[in-house]
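To start, the structure itself, in structure tokens.
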Amino acid sequence: GAGVSQTPSNKVTEKGKYVELRCDPISGHTALYWYRQSLGQGPEFLIYFQGTGAADDSGLPNDRFFAVRPEGSVSTLKIQRTERGDSAVYLCASSLTAGSSYNEQFFGPGTRLTVL
Amino acid sequence: DQQVKQNSPSLSVQEGRISILNCDYTNSMFDYFLWYKKYPAEGPTFLISISSIKDKNEDGRFTVFLNKSAKHLSLHIVPSQPGDSAVYFCAASANAGGTSYGKLTFGQGTILTVHP
Chain A
3 GAGVSQTPSN
13 KVTEKGKYVE
23 LRCDPISGHT
33 ALYWYRQSLG
43 QGPEFLIYFQ
53 GTGAADDSGL
63 PNDRFFAVRP
73 EGSVSTLKIQ
83 RTERGDSAVY
93 LCASSLTAGS
103 SYNEQFFGPG
113 TRLTVL
Chain B
6 DQQVKQNSPS
16 LSVQEGRISI
26 LNCDYTNSMF
36 DYFLWYKKYP
46 AEGPTFLISI
56 SSIKDKNEDG
66 RFTVFLNKSA
76 KHLSLHIVPS
86 QPGDSAVYFC
96 AASANAGGTS
106 YGKLTFGQGT
116 ILTVHP
């Protein structure tokens with residue numbers, strides 16, 4: 003069956019530009035998560051959605067980062083005025099739900115963002 | 006503030022022997038712990054988990070031990086196989102008031118190499 007997919011797989015941009023990263027979760031999964039992994043580090047939580055709403059956006063580093071999930075399926079992570087420090091692998095994950103018991107998060111392959 | 010720490014960046018083991026990967030945490034609110042495995046250019050894949058009400062969980066060659074008083078967990082792989090060579094991440098989750106297990110906090114990862 004289809005897993006979590008992310009596009010593009012690689013994105014190179016210039017400092018100050020705007021980028022959008024897309025995530026297609028597993029069909030039927032209501033919870034969707036974004037993480038960022040810098041070189042030599044573990045994934046770092048950014049935001050998660052339960053359905054269309056952002057249930058926890060405490061990991062977004064600043065207001066240049068924004069994510070949407072308008073129909074409760076596909077999500078887009080948007081980064082404005084990119085900086086070199088934004089260079090990382092951006093990982094998306096989905097799970098059946100994110101309620102009162104743990105549900106396994108399935109990860110996509112990630113988008114490698116390079117800001118020159 | 007690194008709430009989940011994997012202090013060994015790498016581990017090298019001979020095929021057939023035991024691999025022991027360690028993880029320490031500082032946040033006493035964590036009540037669910039997971040190990041993920043990651044190959045290059047792929048997203049992390051779930052390996053095994055343990056709830057804080059248990060001290061051991063076993064799944065085939067993989068066993069996770071939790072010592073809550075020491076805030077320490079470990080993953081044992083026995084016997085180790087060359088295909089186990091990957092980066093292993095420890096992660097933790099807190100059920101915030103019974104409403105959400107959405108956010109995972111990851112350690113930095115340990116690179117395991119199993120030599121034939």
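Taken in order, these protein sequences are the chains called A and B. Per the working numbering, the very first residue in the first sequence carries number 3; after that it's consecutive. Per the working numbering, the very first residue in the second sequence carries number 6; after that it's consecutive. Note that CB positions come from ideal geometry on N, CA and C, so glycine has one too.
Contact set between residue i and chain A, taken where Cβ atoms lie within less than 8 angstroms
i	result
Ser74 of chain B	The contacting residues do not exist; Ser74 of chain B stays about 22 angstroms from chain A at best.
Phe35 of chain B	Within 8 angstroms Cβ-Cβ: nothing; Phe35 of chain B doesn't reach chain A, min ~12 angstroms.
Ser98 of chain B	Tyr104
Beta-carbon neighbours of residue i, restricted to chain B and to distances below 7 angstroms
i	result
Gly55 of chain A	Ordered by position in chain B, no residue passes the 7 angstroms Cβ test against Gly55 of chain A, which lies about 12 angstroms from the chain.
Tyr20 of chain A	None at all; the shortest Cβ gap to chain B is about 25 angstroms.
Nearest neighbour of residue i, chosen from the options [CA to CA]
i	options	result
Ala75 of chain B	B:Phe67, B:Thr68, B:Ser57	B:Ser57
Leu80 of chain B	B:Gly107, B:Gln8, B:Phe38	B:Phe38
Phe51 of chain B	A:Thr15, A:Leu118, A:Glu22, A:Tyr104	A:Tyr104
Phe35 of chain B	B:Asn72, B:Gln86, B:Val83, B:Asp89	B:Asn72
Minimum Cβ-Cβ distance from residue i to chain B less than 8 angstroms
i	result
Phe67 of chain A	no
Leu79 of chain A	no
Tyr92 of chain A	no
Glu73 of chain A	no
Contact with chain A by residue i, beta-carbon distance below 8 angstroms
i	result
Gln8 of chain B	no
Lys42 of chain B	no
Pro49 of chain B	yes
Thr110 of chain B	yes
Gly114 of chain B	yes
Ala46 of chain B	yes
Phe67 of chain B	no
Per-residue burial, residue i [other beta carbons within 10 Å of its own, 16 or more giving buried]
i	result
Val91 of chain A	buried
Thr110 of chain B	buried
Ala46 of chain B	exposed
Leu203 of chain A	There is simply no residue 203 of chain A to check, as chain A begins at 3 and stops at 118 in what is shown.
Thr84 of chain A	buried
Cross-chain neighbours of residue i in chain D, by beta carbon under 8 angstroms
i	result
Ala33 of chain A	Note that chain D does not occur in the displayed structure, where the protein chains are A and B.
Interface partners of residue i on chain A, CB under 9 angstroms
i	result
Gly21 of chain B	Going along chain A, no residue has its Cβ under 9 angstroms from Gly21 of chain B, so there is no contact; the nearest lies around 29 angstroms.
Chain B contact residues for residue i, given Cβ-Cβ distances below 9 angstroms
i	result
Pro111 of chain A	Ala46, Glu47, Gly48
Cβ contact (3+ pairs, closer than 8 angstroms) linking the stretch 108 to 117 of chain A and the stretch 38 to 51 of chain B: yes
Cβ pair count under 8 angstroms reaching 3, the stretch 84 to 104 of chain B against the stretch 58 to 65 of chain B: no
Segment contact flag, the stretch 114 to 121 of chain B with the stretch 16 to 32 of chain B, C-beta cutoff 8 angstroms, min 3 pairs: yes
Contact the stretch 5 to 15 of chain A vs the stretch 65 to 77 of chain A: 3+ CB pairs below 8 angstroms: Per the Cβ contact rule, the stretch 5 to 15 of chain A is not in contact with the stretch 65 to 77 of chain A (fewer than 3 Cβ pairs under 8 angstroms).
Touch test, the stretch 15 to 31 of chain A against the stretch 39 to 49 of chain A, Cβ-Cβ under 8 angstroms, three pairs minimum: no
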